[in-house]
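Start counting at 1 in the sequence shown, then tack on 1403, and there's your number in our numbering.
Cβ atoms here follow ideal geometry from the backbone N, Cα and C, with glycine treated the same way.
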Amino acid sequence: MNGDTVVALSTPPGESGIAVIRISGSEAAPIMRAMAPAAESWESHTVHRAILRNVDREPMDDALVVIMKAPDSYTGEDVAEIYCHGSMQVVSAIIEDALARGAVPAGPGEFTKRAFLNGRLDLVQAEAVADLISSETKLQSIVALEHLEGALSARVVGIEKILMEQLALVEVSIDFSEEKIETWDGAGLGAIVAGVKRSLAGLIESEVAGKKLRRGIRITILGPRNAGKSSLYNALIGEERAIVSPVPGTTRDLLRERIHMGGFTYYLEDTAGIAETGCEIEARGISMGRKAAEGADLVLFVIDGSVEIDEGTARELSMAGGRESITVLNKADLAPIPPRGTGVETGPARAVSVSALTGEGLEELKRMIFERTAGGEVSRIGGERIALNARQAAALREAMEALGRVEKELAGEKGAEIISLELREAIDACGRVTGRSTAADLLDTIFSRFCIGK
């Protein structure tokens, strides 16, 4: 981290009642005093109203300002925050004036990166800030806040502490090997390592939940023409987004919209109806739909429940059965579900009858979607508030592998030097979760995903 003083707009750009501009660094207070000379007498962490003037002493805005002296600020540096009117002209004038007085533009995540480097946050907490900003549901924000408060960090640091205590005992025996001081025994260390591995495994298992919680869950609607796929798409979204008509092949493109269920974000995709066609554009749309289904977390295969299933639909239905899928028998308002023996069995594991027109069966379909995609994850997150991201899980897997090697060395009655080395590997891997032992280039990658102003 260099010694530059940085400035950025911390609220979204665009016209608003209030905008927040943040300045952080050793020159934050001097820059603020240059804009508002009265700031010379302001105490830290007190809010003041001031007319801000530029280098030509022209007024820029009537704003509220607070100066926070290091280290008691978000970044751990001197920070000035300006709460100004949300005109982009006003915002631009203030930022340009700060730049003219020596500040430089902040990069993505630079304020949070400085908070991390100055010891105000660990890396798990810093990532939680980004998760909190991007959260769309209550569950997402709760998990992010739990991580920001240190719940996950405390678990990982606790594991590190246990391993460091064992490492100290092993290394004492190495340092005083000539005196033959017995400070540890293989059986005791083996039991502790096994317990730590169980704890790590429990944390790593939450990666699946974390991935779904942060990335979202993809649901692709697939099926033949005129089965009511677009009608179902609109019904699940709750408004008309896809054009619906009785003309075969109306939908030719891939449509995507997000909805929320049970605290998770779902990306719902509507696709072109599957059919034999000589139209190049329609054929391309069908191909796009099939490809989308291949990468989906769940496929809703929609068929017209008011007519007999033809051979082509039955063939497509059998192909869909190889994926994680739910068969949706649409148009239940027109006729009963086809009788058994047609290849479609109703029930929680096979199919659900709905009417996209009347809403019949939609709640049952939503329940099935949620249970098939996120039911187990919700119970785990709700109980433990732990949901690892891919980076955190990868580091803990490395710790698990190192401890596995410790167990092999213990079984082979190898020397303490090798065991010491592997314990250090496990401790360092845990340290990469919280950022205690993380490379600078990885930090750059992590913070580049943040928005500017945070």
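Between the CA atoms of residue j and residue i - distance to the nearest angstrom
{"i": "residue 1470", "j": "residue 1856", "result": "17 Å"}
{"i": "residue 1569", "j": "residue 1592", "result": "7 Å"}
{"i": "residue 1416", "j": "residue 1467", "result": "19 Å"}
{"i": "residue 1526", "j": "residue 1839", "result": "8 Å"}
{"i": "residue 1719", "j": "residue 1542", "result": "37 Å"}
{"i": "residue 1751", "j": "residue 1728", "result": "Its pLDDT being 40, under 50, residue 1751 is placed unreliably in this model, and the value from its coordinates should be taken loosely. The straight-line gap from Cα to Cα measures roughly 12 Å."}
{"i": "residue 1431", "j": "residue 1605", "result": "45 Å"}
{"i": "residue 1635", "j": "residue 1669", "result": "15 Å"}
{"i": "residue 1617", "j": "residue 1451", "result": "39 Å"}
{"i": "residue 1794", "j": "residue 1851", "result": "15 Å"}
{"i": "residue 1676", "j": "residue 1715", "result": "12 Å"}
{"i": "residue 1438", "j": "residue 1854", "result": "26 Å"}
{"i": "residue 1572", "j": "residue 1836", "result": "24 Å"}
{"i": "residue 1798", "j": "residue 1733", "result": "46 Å"}
{"i": "residue 1842", "j": "residue 1660", "result": "38 Å"}
{"i": "residue 1550", "j": "residue 1449", "result": "29 Å"}
{"i": "residue 1811", "j": "residue 1633", "result": "57 Å"}
{"i": "residue 1603", "j": "residue 1819", "result": "23 Å"}
{"i": "residue 1489", "j": "residue 1688", "result": "44 Å"}
{"i": "residue 1414", "j": "residue 1611", "result": "32 Å"}
{"i": "residue 1555", "j": "residue 1608", "result": "14 Å"}
{"i": "residue 1446", "j": "residue 1823", "result": "52 Å"}
{"i": "residue 1601", "j": "residue 1574", "result": "24 Å"}
{"i": "residue 1505", "j": "residue 1444", "result": "22 Å"}
{"i": "residue 1512", "j": "residue 1847", "result": "9 Å"}
{"i": "residue 1536", "j": "residue 1637", "result": "28 Å"}
Close beta carbons around residue i, own chain, < 8 Å, minus the five adjacent residues each side
{"i": "residue 1696", "result": "1623, 1625, 1674, 1702, 1723, 1726"}
{"i": "residue 1641", "result": "1662"}
{"i": "residue 1494", "result": "1412, 1416, 1422, 1424, 1487"}
Cβ-based neighbour list, residue i, same chain, cut-off 6 Å, excluding 5 preceding and 5 following
{"i": "residue 1563", "result": "1830, 1833"}
{"i": "residue 1534", "result": "1547"}
{"i": "residue 1463", "result": "1455, 1457, 1496, 1497"}
{"i": "residue 1540", "result": "1663, 1666"}
{"i": "residue 1442", "result": "1435, 1436"}
{"i": "residue 1773", "result": "1664, 1665"}
{"i": "residue 1478", "result": "1427, 1514, 1517, 1518"}
Given residue i as reference, the closest of the options once Cα atoms are compared
{"i": "residue 1620", "options": "1576, 1700, 1779", "result": "1700"}
{"i": "residue 1458", "options": "1419, 1502, 1475", "result": "1502"}
{"i": "residue 1516", "options": "1508, 1505, 1529, 1558", "result": "1529"}
{"i": "residue 1613", "options": "1441, 1642, 1776", "result": "1776"}
{"i": "residue 1475", "options": "1427, 1511, 1441, 1494", "result": "1427"}
{"i": "residue 1412", "options": "1483, 1440, 1433", "result": "1483"}
{"i": "residue 1778", "options": "1513, 1815, 1629, 1615", "result": "1615"}
{"i": "residue 1657", "options": "1691, 1764, 1627", "result": "1691"}
{"i": "residue 1492", "options": "1460, 1708, 1531, 1421", "result": "1421"}
{"i": "residue 1825", "options": "1801, 1848, 1847", "result": "1801"}
{"i": "residue 1461", "options": "1478, 1500, 1433", "result": "1500"}
{"i": "residue 1509", "options": "1567, 1406, 1453", "result": "1406"}
{"i": "residue 1808", "options": "1827, 1849, 1790", "result": "1827"}
{"i": "residue 1473", "options": "1694, 1453, 1518", "result": "1518"}
{"i": "residue 1735", "options": "1757, 1803, 1694", "result": "1757"}
Where residue i sits in the DSSP three-state scheme
{"i": "residue 1636", "result": "helix"}
{"i": "residue 1511", "result": "strand"}
{"i": "residue 1758", "result": "coil"}
{"i": "residue 1631", "result": "coil"}
{"i": "residue 1799", "result": "helix"}
{"i": "residue 1844", "result": "helix"}
{"i": "residue 1858", "result": "An answer regarding residue 1858 cannot be provided, because it is not within the stretch 1404 to 1857 covered by the chain."}
{"i": "residue 1668", "result": "strand"}
{"i": "residue 1425", "result": "strand"}
{"i": "residue 1780", "result": "helix"}
{"i": "residue 1418", "result": "coil"}
{"i": "residue 1752", "result": "Low per-residue confidence applies at residue 1752: pLDDT is 48, beneath 50, and the placement is therefore not dependable enough to give any value."}
{"i": "residue 1464", "result": "strand"}
{"i": "residue 1853", "result": "coil"}
{"i": "residue 1563", "result": "helix"}
{"i": "residue 1677", "result": "strand"}
{"i": "residue 1487", "result": "strand"}
{"i": "residue 1828", "result": "helix"}
{"i": "residue 1659", "result": "strand"}
{"i": "residue 1603", "result": "helix"}
Supposed contact pair residue j and residue i - C-beta distance, whole angstroms, cut 8 Å
{"i": "residue 1552", "j": "residue 1521", "result": "Not confirmed; about 19 Å, so no contact."}
{"i": "residue 1759", "j": "residue 1631", "result": "5 Å"}
{"i": "residue 1423", "j": "residue 1486", "result": "6 Å"}
{"i": "residue 1731", "j": "residue 1710", "result": "That pair is no contact at about 15 Å."}
{"i": "residue 1845", "j": "residue 1589", "result": "Actually they are not in contact, since the Cβ atoms of residue 1845 and residue 1589 sit about 35 Å apart, beyond 8 Å."}
{"i": "residue 1755", "j": "residue 1766", "result": "10 Å between Cβ atoms; not a contact."}
{"i": "residue 1629", "j": "residue 1707", "result": "7 Å"}
Neighbour flag for residue i against chain B, beta carbons, 7 Å
{"i": "residue 1451", "result": "Note that chain B does not occur in the displayed structure, where there is just one protein chain."}
Chain-order list of residues whose beta-carbon lies under 7 Å from that of residue i (same chain, five-residue window excluded)
{"i": "residue 1565", "result": "1595, 1599"}
{"i": "residue 1806", "result": "1596, 1599, 1600, 1829"}
{"i": "residue 1763", "result": "1735, 1736, 1757"}
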